[in-house]
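Colleague: Note that the protein sequences, when read in sequence, are chains F and P. The numbering of the first sequence is the numbering used here, which starts it at 1 and goes up by one. The numbering of the second sequence is the numbering used here, which starts it at 1001 and goes up by one. The structure under discussion is supplied below as C-alpha cells; questions concerning it will follow.
Number of protein chains: 2
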Amino acid sequence: MTAEKTARRSQADRRAETRAKLIEAARELFVDSGFSDTATPDIVRKASVTRGALYHHFKDKADLFRAVAEEEAKAISRHIDQETRNVADPEQAMVTGSNAFFDAMLVPGRVRLLMEEAPAVLGHSAAVALTRANGTEELHEGLSRALPEHTSKHIDALTNLLSAAFDRAALEITYGGDPEVYKEVMHHLIGEVLKGK
Amino acid sequence: MTAEKTARRSQADRRAETRAKLIEAARELFVDSGFSDTATPDIVRKASVTRGALYHHFKDKADLFRAVAEEEAKAISRHIDQETRNVADPEQAMVTGSNAFFDAMLVPGRVRLLMEEAPAVLGHSAAVALTRANGTEELHEGLSRALPEHTSKHIDALTNLLSAAFDRAALEITYGGDPEVYKEVMHHLIGEVLKGK
DNA sequence: CTAACTTACATGCAATTTGTATGTATCATA
DNA sequence: TATGATACATACAAATTGCATGTAAGTTAG
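This is the structure:
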C-alpha cells in the first residue's frame, strides 16, 4: 500500500502537489488583487511553499498566471462540453451551449481572470486562444449550417464577433447587469442572425 | 508681448506643457511595452522632466495612464462626432458612425491602450466608461428607433453587446484580420438586428 | 544496495521600481 | 517687494522581481 505517511512520495506526486498549491493560491490572489498588485511572496506564503518552488515550476510570474488562466479555461470547456454532449441538433446545441457558457461564467473570479487580466498579461492573441475552445465550436457549427451562402472567412468573423458579445454579456452580468436581460438580448441577437438566412 | 524667450512663462503654460510632454512620452511607452513593463524613470527621461514632475501632476502611474487613455478616447470621440455631425438620418448616422469608428481605431496604439491595457489598469467599468462616449449614441439612437417595442433596458443591453462586437472587430483588424470582412460582417449583423423589427 | 545522477526545492543577493518626504525655484498678488 | 502658492527637483526607504548558488529528496545503472 505504498506507505502513505509523507515518506517516499514520487517525484511526479510532489511536483503535481506543489504546482496545484501554487496555482490555487495564485488564483485567489490574482482574483482579489489583480496580476500586478499580487506579489510573489504573498502567493508562496498562501501556498505554503517558497519562492524557489515557484520559479522552479514557472518561468516567471506571468507564466504562473498563464497556468491559472489555462486551468480556468479548461474548467469552462469541460462544463460546456458536458452540457452539450448529448445534444444532437446543432441549433439546440447553440442554445444549450450558450446557457452553459453563462452558467460557467458565474463562478467567481472567472471574468476577472479571463476577460480583464488575461488580455493585458498574456496579450490579446493568447487570451482569445484560451477562450477559443469555449463553446465556439457549437456557435461556429450552428452559424455555418444556417448561413451556407457565406464564405468561411465571414463565418469565422461572425463567430468571433458574437463570441465577443457573449463575453461582454458575461462581463456585465458579473458587474451587476440583469442576467435575464442579457441572456434574452443575446439569444435575440443570435436568433436574428440565424433567421437572416 | 509677454517675453517669448523661455523666461516668464505663466504657471498655466508650464503646467500644460509638462503635462503634455508626460502624456505623450507615456503614451509611446505604454503602447510599446504595456503598462506594467513601462517604468516611470523611462517615461520622465523620454519627456525630459523629472519624476518629481510626474508625481506632482499625477497621483501615481495608473493615474498617468488614465490621463493617456482619456486623451485617446477624446480623440476618437472628436473624430466620430466630426464625421457624423451633418448626418441627419439616424440609420445613415449609424453607418457613418461605424465607419468613423473603424477609421479612428486604425491609429496605432489605440487598440492596445483602450482595449488591452485599460481594462486591467483601470478596471472594466472605468474602461467602458471611456469608450462609452464613442459612437454609442448613434447606435443607441438607431436601435431604439428601429425597435420601439423593446424596453429601454433591452436596448441598452443590445447597444452594449453590439458595441462589444465593434470593439472586437477593431481588435481583430489591428491583429491582422481582414478589415473588409469584419466591416461587412459587422454591418450585416446590425442590418439583421434592425430588420428584425 | 549504493554510487552517480537528476529533479525539486531553499536561500541569499543584486538590481529595479515605486511612492513619498523634503527642499528649492518660479510665478501670482496684495 | 514681501508673502504665499504652485511647480518642480532630489533623496530615500520599502517592496518586488528574477537569478545564482546551495541542499535535499528521489531515480536508476551496475
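For every residue, glycine included, the Cβ atom is placed at its ideal position computed from N, Cα and C. None of the values given here were measured: they were computed from a predicted structure.
(1) In whole angstroms, what is the alpha-carbon distance linking Ala53 (chain F) and Ser36 (chain F)?
(2) On a Cα-Cα basis, can you pick out the residue from F:Ile190, F:Ala100 and F:Gly177 that is closest to Thr159 (chain F)?
(3) Does DSSP classify Gly1176 (chain P) as helix, strand or coil?
(4) Can you name the start and end residues of the alpha helix (DSSP H) that Val49 (chain F) belongs to?
(5) So which residues of chain P does Met186 (chain F) contact, with C-beta pairs closer than 8 Å?
(6) Considering only their Cβ atoms, is the gap separating Arg168 (chain F) from Leu1161 (chain P) smaller than 8 Å?
(7) Where does Ser1048 (chain P) land, buried or exposed, given buried means 16+ other C-beta within 10 angstroms?
(8) With a threshold of 8 Å between beta-carbons, can Ala157 (chain F) be considered close to chain P, or not?
(9) Taking only beta carbons into account, state which residues of the region 109-143 of chain F come closer than 9 Å to chain P, listed in chain order.
(10) Can you find a CB in chain F that lies within less than 8 Å of the CB of Leu1189 (chain P)?
(11) Keeping to the same chain, check which residues put their C-beta closer than 7 Å to that of Ser1077 (chain P); ignore five residues upstream and five downstream.
(12) Under 7 Å Cβ-Cβ, which residues of chain P neighbour Arg66 (chain F)?
(13) DSSP on Gly196 (chain F), reduced to helix/strand/coil?
(14) Going by the beta-carbon positions, is the gap between Ala1146 (chain P) and Ala165 (chain F) smaller than 8 Å?
(15) Does DSSP put Ala1118 (chain P) in a helix, in a strand, or in coil?
(16) Kindly list the residues whose CB is nearer than 7 Å to the CB of Val68 (chain F), restricted to its own chain and excluding five residues on each side of it in sequence; keep chain order.
(17) Is there a Cβ from chain F that is less than 8 Å from the Cβ of Ala1003 (chain P)?
(18) Contact defined as beta carbons within less than 8 Å: I believe Glu70 (chain F) pairs with Leu139 (chain F). What is the distance between those atoms, to the nearest angstrom?
(19) Chain F beta carbons: is any one of them nearer than 8 Å to that of His1079 (chain P)?
(20) Check the Cβ-Cβ distances between Arg1019 (chain P) and every residue of chain F, and say whether any is below 8 Å.
(21) Counting C-beta neighbours from all protein chains within 10 Å, is the total for Gly1142 (chain P) 16 or more, i.e. buried, or is it exposed?
(22) Pull up the distance between the alpha-carbon of Ala127 (chain F) and that of Glu17 (chain F), whole angstroms please.
(23) By alpha-carbon positions, which one of F:Glu137, F:Gly196 and F:Thr174 ends up nearest to Val219 (chain F)?
(24) By the criterion of Cβ-Cβ separation under 7 Å, what are the contact partners of Glu172 (chain F) in chain P?
(25) Check whether the Cβ of Leu1056 (chain P) lies closer than 8 Å to any Cβ atom in chain F.
(26) For Gly97 (chain F), count neighbouring Cβ atoms within 10 angstroms of its own Cβ and tell me buried if that reaches 16, exposed if not.
(27) Output, in chain order, the set of chain P residues within a Cβ distance shorter than 9 Å of Ala47 (chain F).
(28) Counting contacts by CB-CB distance shorter than 8 Å, is Val1107 (chain P) in contact with chain F?
(29) If we ignore side chains and look at the alpha-carbon of each, how far apart do Val181 (chain F) and His1154 (chain P) end up?
(30) Using a Cβ-Cβ distance under 8 Å, would Gly1196 (chain P) count as near chain F?
(31) State the DSSP-derived secondary structure class of Gly142 (chain F), mapped to helix, strand or coil.
(32) Return yes when the Cβ of Ala1120 (chain P) is within less than 8 Å of the Cβ of Gly34 (chain F), no when it is not.
(33) Verify whether the separation of the beta carbon atoms of His79 (chain F) and Glu1116 (chain P) is less than 8 Å.
(34) When the Cα atoms are used, what is the spatial distance from Asp63 (chain F) to His57 (chain F)?
(35) Does Val95 (chain F) have its Cβ less than 8 Å from a Cβ in chain P?
Modeller: For this structure:
(1) By one-based count along the first sequence, residue 53 (chain F) stands at place 53. By one-based count along the first sequence, residue 36 (chain F) stands at place 36. So the alpha carbons of these two residues sit roughly 20 Å apart.
(2) Within the first sequence, numbered from 1, the residue matching residue 159 (chain F) stands at position 159. Cα-wise, what sits closest to Thr159 (chain F) is F:Ile190.
(3) Here residue 1176 (chain P) refers to the residue found at position 176 when the second sequence is read from its first residue. In the structure shown, Gly1176 (chain P) sits in coil (DSSP, three-state: anything other than H, G, I, E or B).
(4) Walking along the first sequence from the start, residue 49 (chain F) turns up at place 49. Element bounds for Val49 (chain F): n/a, residue is neither H nor E.
(5) Position 186 of the first sequence, counted from the start, is the residue given in the question as residue 186 (chain F). Ordered by position in chain P, the residues that pass the 8 Å Cβ test against Met186 (chain F) are Leu1161.
(6) In the second sequence, the residue the question calls residue 1161 (chain P) occupies position 161. In the first sequence, the residue the question calls residue 168 (chain F) occupies position 168. Yes, these two residues count as a Cβ contact at 8 Å.
(7) Locating residue 1048 (chain P) in the second sequence gives position 48, where the first residue counts as 1. Exposed.
(8) As a position in the first sequence, residue 157 (chain F) is number 157, starting the count at 1. Answer yes: the Cβ-Cβ gap between Ala157 (chain F) and chain P drops below 8 Å somewhere.
(9) Val111, Arg112, Met115, Glu116, Glu117, Ala118, Pro119, Ala120, Val121, Gly123, His124, Ser125, Ala127 and Val128
(10) Taking the first residue of the second sequence as 1, we reach residue 1189 (chain P) at position 189. Closer than 8 Å to some Cβ of chain F, the Cβ of Leu1189 (chain P) qualifies, so yes.
(11) If you number the second sequence from 1, residue 1077 (chain P) lands on position 77. Cβ neighbours of Ser1077 (chain P) beyond the five flanking positions: Ala1133 and Asn1134.
(12) Numbered from 1 along the first sequence, position 66 holds the residue referred to as residue 66 (chain F). Within 7 Å Cβ-Cβ: nothing; Arg66 (chain F) doesn't reach chain P, min ~15 Å.
(13) As a working note, residue 196 (chain F) is residue 196 in the first sequence. If DSSP states are grouped into helix, strand and coil, Gly196 (chain F) belongs with coil.
(14) Residue mapping note: residue 1146 (chain P) aligns to position 146 of the second sequence, counting from 1. Residue mapping note: residue 165 (chain F) aligns to position 165 of the first sequence, counting from 1. No; because the gap between Cβ atoms is not below 8 Å, this pair is not in contact.
(15) Within the second sequence, numbered from 1, the residue matching residue 1118 (chain P) stands at position 118. Ala1118 (chain P) falls in the helix class under three-state DSSP.
(16) Position 68 of the first sequence holds residue 68 (chain F). These residues qualify, in order along the chain: Ile23, Ala26, Arg27, Phe30 and Leu113.
(17) Translated into positions along the second sequence, residue 1003 (chain P) becomes position 3. Note on Ala1003 (chain P): pLDDT 31, under 50, position unreliable in the model; the coordinate value appears next. By this cut-off, Ala1003 (chain P) is not an interface position.
(18) As a position in the first sequence, residue 70 (chain F) is number 70, starting the count at 1. As a position in the first sequence, residue 139 (chain F) is number 139, starting the count at 1. With 8 Å as the limit, Glu70 (chain F) and Leu139 (chain F) do not qualify as a contact, their Cβ atoms being about 21 Å apart.
(19) The residue you call residue 1079 (chain P) lines up with position 79 of the second sequence. Judged by the 8 Å Cβ criterion, His1079 (chain P) is not in contact with chain F.
(20) Numbered from 1 along the second sequence, position 19 holds the residue referred to as residue 1019 (chain P). Output row for Arg1019 (chain P): interface = no.
(21) Position 142 of the second sequence holds residue 1142 (chain P). Result: buried.
(22) Taking the first residue of the first sequence as 1, we reach residue 127 (chain F) at position 127. Taking the first residue of the first sequence as 1, we reach residue 17 (chain F) at position 17. C-alpha separation (whole angstroms): 26 Å.
(23) Past the boundaries of the shown model lies residue 219 (chain F); chain F is included only from 1 to 197, so the question cannot be answered.
(24) Residue numbering aside, residue 172 (chain F) sits at position 172 when the first sequence is read from its first letter. Near Glu172 (chain F) (Cβ distances below 7 Å), the residues of chain P are Asn1160.
(25) In the second sequence, counting from the first residue as 1, residue 1056 (chain P) sits at position 56. Sequence check: residue 1056 (chain P) is His here, not Leu. Not one chain F Cβ lies under 8 Å of His1056 (chain P).
(26) Counting from one through the first sequence, the residue named residue 97 (chain F) turns up at place 97. Classification of Gly97 (chain F): buried, given that the 10 Å Cβ count is 16 or more.
(27) For the purposes of this step, residue 47 (chain F) is taken as the residue at position 47 of the first sequence. In chain order: nothing, as chain P lies at least about 22 Å away.
(28) As a first step, residue 1107 (chain P) is located in the second sequence; it is residue number 107 there, counting from the start. Not an interface residue.
(29) Taking the first sequence and counting its residues from 1, the one referred to as residue 181 (chain F) is at position 181. Taking the second sequence and counting its residues from 1, the one referred to as residue 1154 (chain P) is at position 154. Computed Cα separation, rounded: 6 Å.
(30) Position 196 of the second sequence, counting from 1, holds the residue named residue 1196 (chain P). Closer than 8 Å to some Cβ of chain F, the Cβ of Gly1196 (chain P) qualifies, so yes.
(31) Taking the first sequence and counting its residues from 1, the one referred to as residue 142 (chain F) is at position 142. Gly142 (chain F): helix per DSSP, three-state reduction.
(32) In the first sequence, counting from the first residue as 1, residue 34 (chain F) sits at position 34. In the second sequence, counting from the first residue as 1, residue 1120 (chain P) sits at position 120. Yes. Within cutoff.
(33) On the first sequence, position 79 is the one that residue 79 (chain F) refers to. On the second sequence, position 116 is the one that residue 1116 (chain P) refers to. Going by C-beta atoms, His79 (chain F) is not nearer than 8 Å to Glu1116 (chain P).
(34) Translated into positions along the first sequence, residue 63 (chain F) becomes position 63. Translated into positions along the first sequence, residue 57 (chain F) becomes position 57. Cα-Cα distance, rounded: 9 Å.
(35) Within the first sequence, the letter at position 95 stands for residue 95 (chain F). Answer no: the Cβ-Cβ gap between Val95 (chain F) and chain P never drops below 8 Å.
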